C-alpha cells in the first residue's frame, strides 16, 4: 500500500525499472510505477548465484546467463540503452554480495594466497558458532572471507559495465549514480560474523554518489550523517 519514489517519478513522466532482488518471501507485489520489473523468487526471494530463473514482468523465464550478477546487469544495460525522449530511473538491486558468496569461475581463488586484514579478535572457528550454521558458513572464516572478496570483485566489474555504458551514451555527466548497501558486515569483529548486531561495523553502509553536473568537488568523503531513508526524498528533490 506504500507509495514508492519510483511511482512518483513515473507520474512525473520518467521511464522506470526495478531489476534485481526484491528480497521478500512469498508472492511478488504488483509493483506500481515501473515500466519493467525483473526479479526472482527462488530460495525465499534470496535467489541463487548460478542458473537463477527470473520473473520478467510477471513471467518466469530460465536464466540466460549462468551467473546472476552478469545477467541482471545485462537487463540493466538493455534498459539504459533504450532510445527515449524521457529521463529514466533504474533501481538495480544485485543479489551479490549476500550469503553463499559465490564468485564466477574466472575469479574463484583470486585471493587464495593473499594475506587477510582481519581483526585481532577474529577467530577461524567463529563460523561454527551458534547462529552461523544457518547462514551457510560451514568452514573456517578465512575461506569464506576470501570468497566474499572474490564475489565483490565480480560485482565491481558489473557496476563498471553500467558506468561504461553511461559514458558510451554520452549521458554520464547528467546522470545521478548512487551505489549503496543496506548493512555492513562482521568478519570476526567483536567475535562475530554476519550482520545482526548493532555495532558500527554492521550499521555503517556503503554510500557513494556520482553526479558530475552537480557535484563540483568530487572524490571527497562527506562528513554529514546520511541514512538510506534520505535517498528517496533527495532524488525526488533533484528530479
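In this note's numbering, the protein residues as written are 96 to 334.
Backbone N, C-alpha and C define an ideal beta-carbon position, used for all residues, glycine too.
The structure presented is a predicted model; accordingly, all values stated were derived computationally and were not measured.
Report, in whole angstroms, the separation of the C-beta atoms of residue i and residue j, which I expect to be a contact under 8 Å.
i: residue 300; j: residue 277; result: 7 Å
i: residue 134; j: residue 150; result: 6 Å
i: residue 258; j: residue 176; result: 14 Å between Cβ atoms; not a contact.
i: residue 331; j: residue 185; result: At roughly 16 Å, the Cβ-Cβ gap does not stay under 8 Å, so residue 331 and residue 185 are not in contact.
i: residue 187; j: residue 114; result: 5 Å
i: residue 224; j: residue 235; result: The Cβ separation is near 12 Å, so there is no contact.
Helix, strand or coil for residue i per DSSP?
i: residue 223; result: helix
i: residue 123; result: coil
i: residue 112; result: strand
i: residue 156; result: strand
i: residue 338; result: In the structure displayed, the chain extends from 96 to 334; residue 338 sits before or after that span and is not available.
i: residue 134; result: strand
i: residue 309; result: coil
i: residue 322; result: coil
i: residue 196; result: coil
i: residue 149; result: strand
Where do the ends of the beta strand (DSSP E) carrying residue i lie?
i: residue 305; result: 302 to 305
i: residue 183; result: 183 to 188
Using the C-alpha atoms, what's the distance from residue j back to residue i?
i: residue 170; j: residue 142; result: 16 Å
i: residue 105; j: residue 239; result: 41 Å
i: residue 287; j: residue 272; result: 32 Å
i: residue 172; j: residue 289; result: 32 Å
i: residue 243; j: residue 194; result: 8 Å
i: residue 179; j: residue 130; result: 13 Å
i: residue 310; j: residue 254; result: 20 Å
i: residue 245; j: residue 296; result: 20 Å
i: residue 306; j: residue 270; result: 6 Å
Hey, could you find the ends of the alpha helix (DSSP H) residue i is sitting in?
i: residue 331; result: 326 to 333
i: residue 104; result: 100 to 106
i: residue 296; result: 295 to 298
Curious, which full-length beta strand (DSSP E) runs of at least 3 residues does the region 209 to 286 contain?
-> 272 to 275
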